[in-house]
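Note that this note's numbering has the sequence shown beginning at 956, numbered continuously upward. Presented below is the structure to which this report refers.
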Amino acid sequence: MTGAEPIQVAAALIVREGRYLITQRRAGVHLGGLWEFPGGKREPGESLEECLRRELREELDIEIAPPVPFRVIRHDYPEKTVELHFFRCSIASGLPRPLGCEDLRWVAPEELEQFPLPPADQPLVEALLGKK
């Protein structure tokens, strides 16, 4: 990893009836095909909350209620470092549609380990399952 600043990412923990919303990354992108909590990279000049709202609008066509910070995870990949800011939030309007992702699923916490997730998401999954 270079000495560059970490890439700031905002991600949503959206729960409905005890199930988390996860999305599948499109093929041909970094970590393509893996499943993740929806969100994306912060653009210059926007707050993490603005980033999260924009990404969820673009990727899933939903609006969210005010998000609540949950956890920050920093992870070093060989080519870059990411700092993931996870927020608990709920859908205020819209039904999730996979506009900017390959697919989406609502999964119970114990089902999360059945989906291939990026290494940076593993500490969060462990926390959600009560392992950390």
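Glycine included, C-beta positions come from ideal geometry on N, C-alpha and C.
- No residue range can be given for residue 982, since it is assigned to no beta strand (DSSP E) and is classified by DSSP as neither H nor E.
- In this structure, residue 989 lies away from residue 1059, with their beta-carbon atoms at least 8 Å apart.
- Annotated three-state conformation of residue 966 is strand, per DSSP.
- Per DSSP, residue 1017 has no beta-bridge partner at all.
- Separation of residue 1012 and residue 1071 (C-alpha to C-alpha, rounded to the nearest whole angstrom) is 24 Å.
- Exclusion of the five residues before and after residue 994 leaves 964, 965, 966, 967, 1007 and 1010 as the residues of its chain whose Cβ lies within less than 7 Å of its Cβ.
- Our two residues, residue 1066 and residue 1000, have alpha carbons roughly 37 Å apart in a direct line.
- CA-CA distance, residue 971 to residue 1045, rounds to 8 Å.
- Sequence-distant partners of residue 961 (beyond 5 residues in either direction) whose C-beta falls short of 7 Å from its own C-beta, in its chain, are 1029, 1036, 1037 and 1038.
- Residue 1054 counts as exposed, since fewer than 16 other C-beta atoms from the protein chains shown sit within 10 angstroms of its C-beta.
- Selection 983, 979 and 1082 evaluated against residue 1041 yields 1082 as nearest (Cα-Cα).
- Nearest Cα to residue 1078 within the set 981, 986, 991 and 987: 991.
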